[in-house]
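Please read the structure below before turning to the comments.
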Amino acid sequence: MLAGSCRRLFRRQFRQVEKDDISQETATELHSAKLRSEFPSMVKKTNNYQIILSSLLYKSPRTFHPLFSPIMPIEIPKGNSLKDLFSLKDKVVVVTGASGPRGIGLEAARGCAEMGGNIAITYFSRREGAEANAKALQEEYGIKAKAYKCDTSKWNEVQELVANVIADFGKIDSFIANAGRTADAGVLDGSVEDWENIIQADLNSVFYCAKAVGPHFKEHGKGSFVITASMSGHIVNYPQEQTSYNVAKAGCIHMARSLANEWRDFARVNSISPGYIDTGLSDFVDEETQQGWNRLIPMGRSSDPKELKAAYVYFASDASTYTTGADLRIDGGYICR
Ligand SMILES: NC(=O)c1ccc[n+]([C@@H]2O[C@H](COP(=O)([O-])OP(=O)(O)OC[C@H]3O[C@@H](n4cnc5c(N)ncnc54)[C@H](OP(=O)(O)O)[C@@H]3O)[C@@H](O)[C@H]2O)c1
């Protein structure tokens, strides 16, 4: 009860700062006095009710802080038309893992290039594929595009990638952490090394990307970070055994939410959870099992990767300036069952 009353007092305090144009200190003093009169037994031990509340409601000064400092919300965009809001003209978008001929990364890059963005894509093993994709993006959409080699499971390589893109393009507006690989064994069949490789490639790599680009977003006061998670972060695929992948993708979804809080003053963070997408990633799985998957999808089929690209443009652009910490499932209804 005390906590609820205190929260209400905080809100009133902030509204008063805005409405009456009084200083934060004056508002705090006015409301301290009110709190002292409403909860004398709790407050008489100290004159500073903020200290009481911080120990009651919040664990650390970092989380306590926002209630007492001016909030710096991400701005409302200037444009009104959908064309303006979705435009990525003069923006720079990084897409990791866009070396495949029909991958999700390539479609995300295509969507962003179509809306005018300059694009940096990465590859791990398929250099020729990535370079061909960058060339095609340039020619088709008249934007600047470049392919970079980056093993996203290595912190130093991700740091280098971010530095190189900023050197070549001048800035980064949106970063799509998409690179990843699938698991082909469960906990008992796979080795410890198999587990570690998947967690490294699908979860820690995303953390490296966030840690490398986050300071740039903070310095510029804006940015959008988008993570390719998976429906496997929500449900357990059947019948294939891939616990490491499922765990890594669940971590990605929660990383997006957690970062949305950490970066609330300067950048947005969201995730996309695709279902079965026909990119070649699962080509090693036998035809019969893949047919079985389709029977579990309410829409009865897997997705063409182009059915995802609008979602990446939405999160990367000003169309989504009030969207953060969200996860968008694009799975033909798989999770609704
Ligand atoms: N396809 C699906 O059904 C599905 C469903 C849900 C989520 N996803 C996720 O979507 C993302 C893209 O996959 P996709 O289906 O589009 O397959 P894809 O075309 O094979 O893309 C995977 C990309 O990740 C890159 N990559 C893998 N390990 C890497 C590493 N250690 N360092 C840097 N890059 C690495 C690959 O690079 P190289 O090819 O150059 O080695 C490739 O460009 C992945 O995160 C995947 O988990 C896919």
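So the sequence shown is numbered by this note's numbering: it starts at 1429 and just counts up by one.
C-beta: ideal position from N, C-alpha, C; glycine also.
The model shown is predicted, which means the values in this text are computed figures rather than measured ones.
Heavy atom of ligand 2 within 6 Å of residue i beta-carbon
i, result
"Gly1679", "As presented, the structure is devoid of ligand 2, carrying ligand 1 as its sole ligands."
Rounded C-alpha distance that separates residue i from residue j
i, j, result
"Tyr1750", "Pro1702", "22 Å"
"Arg1757", "Val1620", "30 Å"
"Leu1485", "Ser1745", "Low per-residue confidence applies at Leu1485: pLDDT is 44, beneath 50, and the placement is therefore not dependable enough to give any value."
"Glu1585", "Gly1570", "29 Å"
"Pro1667", "Gly1720", "9 Å"
"Glu1716", "Ser1527", "28 Å"
"Glu1588", "Arg1765", "43 Å"
"Arg1554", "Cys1578", "11 Å"
"Gly1507", "Tyr1742", "14 Å"
"Gln1670", "Ile1532", "20 Å"
"Leu1481", "Ser1731", "The pLDDT assigned to Leu1481 is 48, lower than 50, so where the model puts this residue is not dependable; a value taken from the coordinates is nonetheless given after this. One C-alpha to the other measures close to 50 Å."
"Gly1545", "Glu1624", "35 Å"
"Asn1592", "Gly1642", "15 Å"
"Gly1708", "Arg1530", "8 Å"
"Ala1739", "Leu1616", "36 Å"
"Phe1492", "Pro1505", "Residue confidence is low: Phe1492 scores 48 on pLDDT, short of 50, so the model does not pin down where it sits. Its coordinate-derived value is still stated next. Distance between the alpha carbons of Phe1492 and Pro1505: 29 Å."
"Ala1754", "Ile1655", "11 Å"
"Arg1768", "Leu1513", "Here the chain covers residues 1429 to 1765 and nothing more, so residue 1768 does not appear."
"Asp1714", "Leu1510", "43 Å"
"Gly1649", "Gly1618", "43 Å"
"Glu1690", "Val1590", "20 Å"
"Glu1567", "Ala1560", "11 Å"
"Lys1572", "Glu1556", "18 Å"
"Ile1626", "Phe1712", "17 Å"
Near ligand 1: residue i beta-carbon under 6 Å from a heavy atom
i, result
"Thr1656", "yes"
"Pro1505", "no"
"Phe1653", "no"
"Asn1606", "yes"
"Thr1580", "yes"
"Ile1705", "yes"
"Tyr1576", "no"
"Ser1772", "In this structure the chain extends from 1429 to 1765, so residue 1772 is not present and cannot be described."
"Pro1702", "yes"
"Leu1709", "yes"
"Gly1720", "no"
"Tyr1666", "no"
"Phe1712", "no"
"Phe1635", "no"
"Gly1531", "yes"
"Ser1553", "yes"
"Arg1609", "yes"
"Ala1629", "yes"
Option nearest residue i by Cα separation, candidates the options
i, options, result
"Arg1685", "Trp1721, Asn1674, Ile1700, Ser1672", "Ile1700"
"Gln1628", "Gln1566, Ser1581, Ile1502", "Ser1581"
"Thr1550", "Gly1539, Gly1598, Asp1601, Cys1637", "Cys1637"
"Asp1706", "Pro1733, Gly1720, Asp1714, Ile1725", "Pro1733"
"Gly1651", "Ala1640, Ala1657, Met1659, Gly1661", "Ala1640"
"Ala1537", "Ile1502, Lys1574, Arg1555", "Lys1574"
"Tyr1694", "Ala1562, Gln1719, Phe1653, Asn1606", "Rather than Tyr, the amino acid found at residue 1694 in this sequence is Phe. The candidate whose alpha carbon is nearest that of Phe1694 is Phe1653."
"Ala1676", "Arg1530, Leu1534, Asn1689, Ala1657", "Ala1657"
"Gly1761", "Gly1728, Leu1516, Cys1540, Glu1556", "Gly1728"
"Met1543", "Ala1558, Ala1562, Gly1649, Ser1515", "Ser1515"
"Phe1645", "Arg1692, Arg1555, Lys1506, Asp1755", "Arg1692"
"Asp1759", "Ser1672, Tyr1673, Asn1665", "Asn1665"
"Asp1622", "Ile1502, Asp1630, Ala1611", "Ala1611"
"Glu1535", "Gly1753, Arg1609, Glu1735, Tyr1576", "Glu1735"
"Ile1594", "Ala1564, Glu1647, Asn1561, Ala1562", "Glu1647"
"Ala1613", "Asn1606, Asn1674, Lys1572", "Asn1674"
"Ile1502", "Val1634, Ser1748, Arg1609", "Ser1748"
"Lys1737", "Gly1557, Asn1606, Glu1559", "Asn1606"
"Ile1663", "Ile1763, Ala1562, Thr1524", "Ile1763"
"Gly1525", "Phe1552, Asp1512, Gly1649", "Phe1552"
"Gly1661", "Leu1631, Ser1509, Phe1712", "Leu1631"
"Ala1564", "Gly1618, Ala1541, Trp1583", "Ala1541"
"Leu1687", "Glu1556, Phe1712, Val1634, Ser1710", "Val1634"
"Arg1609", "Asn1698, Tyr1576, Ser1710", "Ser1710"
"Ile1604", "Ala1562, Met1500, Ile1547", "Ile1547"
Residues that DSSP places opposite residue i in a beta bridge
i, result
"Lys1577", "Tyr1551"
"Ala1605", "Ile1655"
"Ser1515", "Its beta-bridge partners do not exist; DSSP assigns none."
"Asn1698", "Val1654"
"Ile1758", "Pro1702"
"Val1520", "Asn1546"
"Ser1731", "Ile1705"
Below-7 Å beta-carbon distance, residue i vs any chain B residue
i, result
"Lys1572", "Within the model displayed, chain B is absent; a lone protein chain is all it includes."
Using 8 Å as the Cβ pair cut-off and three pairs as the minimum, do the region 1509-1524 and the region 1587-1604 touch?
Here the region 1509-1524 makes contact with the region 1587-1604; the two share three or more CB pairs at distances below 8 Å.
Check whether the region 1721-1730 and the region 1675-1692 touch, using three or more Cβ-Cβ pairs below 8 Å as the test.
In short, these stretches do not touch, since the Cβ pair count stays below three.
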